[in-house]
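Counting in our numbering, the sequence shown runs from 1000 upward without gaps.
Worksheet: one structure, shown below.
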Amino acid sequence: MKITFINPGIGAYPVNFKLCMDLAGAKSSHIPLALATLAALSPADYDLRIFDENIEPLPERVSSGVVAITGTIMQKKRIFEIAKQYKSPGTTVVIGGPVTFYAEEECGQSADVVFVGEAEDTWPRFLAELGRGEHSKIYRQEGFVDFAKSPVPRLDLLKCDRYSAACVQVTRGCSYKCLYCDVPVKYGDVPRVKELDQVLREVENADRAGFDSVFFVDDNFTADRQSASRLLDALSAQRKTLKNRMSYYTQVTLNVGKDEAILAKFRKAGFERLFIGIETFNADLLRALNKAHNMEMDIREAVARIHSHGITVWAGIMLGMGNGDYEQLDALLDFIQTTGIMPIQVGVMQAVPGTPLYEQLTRKGALAALPSVFGSAVINDANIPSLTNILHPSISESDARNLTSGFYEKLFLPEMFAQRIINSSKNSAENRVQTPQLTWRNIKILLRATTYYLFRAPAPHRKMFLRLLGAVLKRQVVRLDELAFSLVIFKHFHEYYTATAHRMRQ
Ligand code: B12
Ligand code: SF4
């Protein structure tokens, strides 16, 4: 049996770094882990191919028994086009992935078979049933799979040299219950953890495949602190045995700031960045979002503490949470500047079906009827129906758009960004200089970034680059590895948020 797995192409989004891949020397930032996992769940003697439209054109036609398409809600339109393109009498077209959580019916209209939820149990069952000619239309995971059953993903089927980073998933689920978040709902509120040995094997595979960077894609890496701590120790020990000097990053909660021991372990294991949903500095809002764990210590101090371990805080910030947060945008900007948070993902809050927030707002009658439940999840599409599906009595849609777009523009002004890098260095690990590893790959990235800033970038960006070089000479910036990274991603952030702000105003 031949199976063709497909990851549909997607435009620029805040954290897919599409607009700086030219500097990074890759076609796409992260591997499609779901497809490599599904391939590993398929019988080894099947003819398996993975195509990722983000790194290569898709074949015009495929002569495959099964075409299996993954994707998020943002890829929906393209998923359906591809499903249509490959539909033919001898081919079973299958759609799975996060998109099916929210668009199950639509997916069912485009595909022969739809998978909802995790597929470690359902995918092998489907293949067996297909072999007997008796498969179902919908495969739905009831409850949660035994995560120990999730196999080592087949990186050998990916064109690894076209990606910046590999992905490894250690846990699924989160025991917190932030009001707006679908992770505990979709993946469970008791974290499930993969076997430590398997995680190490997956990292080793990434190393062998030539990666020097791994994103641990857990929604909350320290959800089970004990096993996270054990894994960090094991990763530290493993580091010396790897071919490449690995740099890691993952997602955690802000209260990691009060845990000096685990921060030291993160650093020792090679973690450069931690993505943290800070969302807001407003205590009332955090409480309303059921996110009091962000206030277990002073938020500024928590950020400074993490920076002091030589680890970059990568913040998720949300707007449109009500209670007048739009009136506090200047204070929010000041918070971001003074804490020196460089990479930031800013979004407008939406009520995702299945979350406590969605239930609450439905009861209150505060949800707009939109063509897409997500409103701005399709912000890159030509017709943005609305910023969000949440109705705010205190602010009009046009005011919200103006304020949000103004905020986006200011956040990635070159002078603001440069100052943040300098501010973040103030706390960096006793001002210890950290240099990027001088591999041929990194040298090429540095050369590309330097050429870009000196000769191709707009004048204010060149000025920012020169100011930062000056700051390095004055030892105001000491994390040179992170500076190189920041200069690369700034191009993406600036272009993305400027273009989005522009579209929002239209
Ligand atoms: C890693 C990650 C990324 C990476 C890499 C994405 C990539 N290469 O695909 C980066 C950082 C680039 C990224 C970007 C974004 N992401 Co993201 N990301 C994730 C994250 C944390 C892990 C995904 C992952 O690899 N999981 C591990 C694999 C093994 O699990 P899985 O994908 O769920 O697959 C399982 C099942 O779903 C199923 N399955 C999946 N596909 C298919 C296909 C078939 C045919 C079948 C049968 C089964 C099946 O089988 C798998 C095994 O059980 C998830 C959160 C999460 N917990 O999953 C969010 C998540 C996928 N991202 C999300 C979002 C919103 C985004 C962004 C828009 C954020 C932004 N504002 O910029 C962007 C753009 C999306 C894009 N596709 O480019 C949302 C998607 C929401 C939705 N319902 O569609 C998620 C679910 C987070 C959330 N809870 O909201 N993301
Ligand atoms: S801590 Fe993060 S993953 Fe956990 S419920 Fe809150 S937002 Fe979701």
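All C-beta atoms, glycine included, are put in the ideal place defined by N, C-alpha and C.
### Query
Which whole-angstrom value describes the C-beta separation of L1230 and V1251, a residue pair presumed to lie in contact below a C-beta threshold of 8 angstroms?
About 13 angstroms; that fails the 8 angstroms criterion.
### Message
Tell me the DSSP secondary structure of D1258 in three-state form.
### Response
If DSSP states are grouped into helix, strand and coil, D1258 belongs with coil.
### Message
Would you say E1300 lies against chain B (beta-carbon separation less than 7 angstroms)?
### Response
Structure shown: chain B not included; a single protein chain is present.
### Query
How many Å lie between F1484 and R1191 at the Cα?
32 angstroms
### Task
Please report how far the alpha carbon of I1005 lies from the alpha carbon of Y1186, in whole angstroms.
23 angstroms
### Message
As a quick exercise: from M1245, T1036 and G1319, pick the residue whose alpha carbon is nearest that of E1119.
### Response
T1036
### Task
May I ask you to check if the CB of G1276 is nearer than 6 angstroms to at least one heavy atom of the ligand SF4?
yes
### Heavy atoms of the ligand SF4 versus C-beta positions, residues under 6 angstroms
C1173, Y1175, K1176, C1177, C1180, V1182, P1183, D1218, N1219, T1252 and G1276
### Query
Can C1106 be considered in contact with the ligand B12, in the sense that its beta carbon sits closer than 6 angstroms to one or more heavy atoms?
no
### Message
Can you give me the C-alpha to C-alpha distance between E1358 and L1178, rounded to a whole angstrom?
### Response
10 angstroms
### Message
At the level of alpha carbons, what is the spacing between D1329 and G1364?
### Response
The straight-line gap from Cα to Cα measures roughly 30 angstroms.
### Task
Tell me C1166's beta-bridge partners as DSSP assigns them.
F1214
### Message
Suppose you measure from the CA of P1342 to the CA of D1111; what does that come to, to the nearest Å?
### Response
41 angstroms
### Query
With C-beta atoms as the reference, is S1212 less than 7 angstroms away from A1268?
no
### Task
Go ahead and pull the three-state DSSP assignment for V1014.
coil
#### Entry: Minimum C-alpha distance to V1351 - residue among E1117, R1131 and I1072
I1072
### Query
Which residues bound the beta strand (DSSP E) around K1001?
K1001 to N1006
### Query
What did DSSP end up calling L1241 once you bin it into helix, strand or coil?
In the three-state reduction of the DSSP assignment, L1241 falls in the coil class, being assigned neither a helical nor a strand state.
### Message
So, with DSSP's three-state summary, where would you put L1273?
### Response
strand
### Query
Buried or exposed: where does H1308 fall if 16 or more other Cβ atoms within 10 Å of its Cβ makes it buried?
buried
### Task
Find out if the Cβ-Cβ distance for the pair A1448, L1486 is shorter than 7 angstroms.
The beta carbons of A1448 and L1486 sit closer together than 7 angstroms.
### Query
Hey, would you say V1115 sits closer than 7 angstroms to R1139, going by beta carbons?
yes
### Task
Return yes when the Cβ of V1169 is within less than 7 angstroms of the Cβ of K1148, no when it is not.
Going by beta carbons, K1148 and V1169 fall outside the 7 angstroms limit.
### Task
Report yes if the C-beta of F1454 is less than 6 angstroms from at least one heavy atom of the ligand B12; otherwise report no.
No, the Cβ of F1454 stays beyond 6 angstroms of every heavy atom of the ligand B12.
### Query
Three or more beta-carbon pairs under 8 angstroms between the stretch 1085-1105 and the stretch 1058-1072, yes or no?
yes
### Message
My output table needs one value for F1280: the three-state DSSP class, helix, strand or coil.
### Response
When DSSP states are grouped into helix, strand and coil, F1280 belongs to the coil group.
### Query
Could you give the uninterrupted runs of the alpha helix (DSSP H) lying entirely in the stretch 1398-1483, keeping only those of 4 residues or more?
Taking only runs of at least 4 residues, the alpha helix (DSSP H) segments lying wholly in the stretch 1398-1483 are 1413-1424, 1439-1450 and 1458-1472.
#### Entry: N-terminal and C-terminal residue of the beta strand (DSSP E) that H1029 is part of
First-last of the beta strand (DSSP E) with H1029: S1027 to H1029.
### Query
Since G1346 sits in a beta bridge, which residues does DSSP pair it with?
M1317
### Message
On the criterion of 16 or more Cβ atoms from any shown chain inside 10 Å, does T1438 qualify as buried, or is it exposed?
### Response
exposed
### Task
Would you decide whether P1056 is buried or exposed? Buried here means 16 or more other CB atoms lie within 10 Å of its CB.
exposed
### Query
Residue ranges of each beta strand (DSSP E) run of no fewer than 3 residues wholly in the stretch 1045-1091, ordered along the chain?
1046-1051 and 1065-1068
### Task
Using a threshold of 7 angstroms, state whether the C-beta atoms of I1277 and A1314 are closer than that.
yes
### Message
Can you tell me whether F1143 is helix, strand or coil according to DSSP?
### Response
Three-state DSSP puts F1143 in coil, outside helix and strand.
### Task
Express the C-alpha separation of L1288 and N1254 in angstroms, rounding to a whole number.
Linking N1254 to L1288 through their CA atoms gives a straight-line distance of about 16 angstroms.
### Query
With DSSP run on the structure shown, which of helix, strand or coil describes Q1505?
coil
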